[in-house]
């Protein structure tokens with residue numbers, strides 16, 4: 080199909096032989112062949128944000144509510160997609176306005192932002208057990224969480240955007256064996272990538 084992808088491409092995930100494009104405000108994930116970007120199908124997920132693949136499944140975070148700020152918006156969710164049938168086969172409610180996710184030790188870590196609830200942001204990471212796809216814990220971290228990455232040892236790194244005023248952006252370290260915050264790095268983080276024993280960070284902090 081020759082077509083526009085839609086409104087607000089928010090994330091790309093290559094898993095297996097397929098490319099998944101998360102199109103936020105068009106409420107869908109476009110599925111393509113990774114080799115040539117030929118369209119395969121569309122998965123309808125409301126206000127979807129990020130995707131991560133693991134085994135047979137793709138996990139997609141979703142604000143659930145319409146794409147407009149509303150302090151009364153419901154809890155967000157993670158949708159489980161079977162990559163063979165491309166059907167949604169599960170859903171777990173998490174925190175408010177969930178963003179990026181990462182997998183470590185058989186668990187999915189979901190950064191909740193609460194961006195629609197400003198100044199009363201969410202400040203938790205939801206932990207989902209992937210064996211039976213249920214939330215098992217919430218880890219208190221900091222307000223307005225965004226990105227989540229893991230290293231080769233399974234350590235989880237999560238970023239906070241702060242409130243763009245009094246509370247600065249920062250990076251937090253979570254031990255995935257005990258699911259507790261073990262360190263804070265006082266550096267603003269717009270995004271990061273981890274390779275080997277190094278984290279590469281770029282920053283652009285906004286102060287209103």
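Numbering (the numbering used here), first residue to last: 80 to 287. Glycine is no exception: its CB is placed at the ideal position from the N, C-alpha and C atoms.
| How many angstroms separate the CA atom of residue 256 from the CA atom of residue 249? | Indexing the chain shown from 1 puts residue 256 at position 177. Indexing the chain shown from 1 puts residue 249 at position 170. When rounded, the distance between both Cα atoms is 22 Å.
| Going by other Cβ atoms of all chains shown within 10 Å of its Cβ, with 16 needed for buried, is residue 147 buried or exposed? | Position 68 of the chain shown holds residue 147. Its Cβ having fewer than 16 others within 10 Å, residue 147 is exposed.
| said: So residue 161 and residue 128 are supposed to be a Cβ contact under 8 Å. How far apart are they, rounded? | reply: Position 82 of the chain shown, counting from 1, holds the residue named residue 161. Position 49 of the chain shown, counting from 1, holds the residue named residue 128. So it is not a contact: roughly 20 Å between Cβ atoms.
| query | Quick one, which of 142, 218, 217 and 223 has its alpha-carbon nearest residue 246's? | reply | If you number the chain shown from 1, residue 246 lands on position 167. Of the candidates 142, 218, 217 and 223, the one whose C-alpha sits nearest the C-alpha of residue 246 is 223.
| task | Check whether the Cβ atoms of residue 140 and residue 178 sit closer than 8 Å, and answer yes or no. | result | Against the chain shown, residue 140 aligns to sequence position 61. Against the chain shown, residue 178 aligns to sequence position 99. Yes, the pair counts as a contact, with Cβ atoms nearer than the cut-off.
| request: Would you kindly work out how many angstroms separate the C-alpha atoms of residue 158 and residue 264, rounded to a whole number? | output: To locate residue 158, count along the chain shown from 1; it is residue 79. To locate residue 264, count along the chain shown from 1; it is residue 185. If you take the alpha carbons of residue 158 and residue 264, they lie about 31 Å apart.
| request: Return the Cβ separation of residue 155 and residue 173 in integer angstroms, given the expectation that the two are a contact with Cβ distance under 8 Å. | output: Position 76 of the chain shown, counted from the start, is the residue given in the question as residue 155. Position 94 of the chain shown, counted from the start, is the residue given in the question as residue 173. Right, the Cβ-Cβ distance comes to about 5 Å (below 8 Å), so this counts as a contact.
| query | Should the region 201-214 be regarded as contacting the region 180-193, the criterion being three or more beta carbon pairs within less than 8 Å? | reply | yes
| said: Could you pull the DSSP bridge partners for residue 208 from this structure? | reply: Residue mapping note: residue 208 aligns to position 129 of the chain shown, counting from 1. DSSP, once it has assigned bridges, lists 186 and 213 as partnering residue 208.
| request: Flag this pair as touching only if the region 94-104 and the region 112-124 have three or more C-beta atom pairs under 8 Å; answer yes or no. | output: yes
| beta strand (DSSP E) runs contained entirely in the region 131-180, provided each spans 3 or more residues | 136-141, 156-161 and 167-172
| request: Select from 150, 181, 138 and 143 the residue whose C-alpha is nearest the C-alpha of residue 168. | output: Against the chain shown, residue 168 aligns to sequence position 89. With distances taken between Cα atoms, residue 168 lies closest to 138.
| query | Helix, strand or coil: how does DSSP classify residue 200 here? | reply | Counted from its first residue, the chain shown places residue 200 at position 121. The answer is coil: DSSP assigns residue 200 none of H, G, I, E or B.
| field | Residue from 275, 194, 244 and 260 with nearest C-alpha to residue 52 | value | No answer is possible for residue 52: the residues shown for the chain start at 80 and end at 287.
| residue 103 by DSSP, collapsed to three states: which one? | Counting from 1 along the chain shown, the entry for residue 103 is found at position 24. DSSP places residue 103 in helix when its eight states are reduced to three.
| query | Would a C-beta distance cut-off of 8 Å place residue 238 and residue 183 closer than the cut-off? | reply | Sequence index remark: in the chain shown, residue 238 carries index 159 (1-based). Sequence index remark: in the chain shown, residue 183 carries index 104 (1-based). Cβ atoms of residue 238 and residue 183: not closer than 8 Å.
| query | How many angstroms separate the CA atom of residue 90 from the CA atom of residue 102? | reply | To locate residue 90, count along the chain shown from 1; it is residue 11. To locate residue 102, count along the chain shown from 1; it is residue 23. Distance between the alpha carbons of residue 90 and residue 102 is about 7 Å.
| So, is residue 119 buried or exposed, given that buried needs 16 or more other C-beta atoms within 10 angstroms? | Here residue 119 is taken as the residue at index 40 of the chain shown, counted from 1. With fewer than 16 Cβ atoms within 10 Å of its Cβ, residue 119 is classed as exposed.
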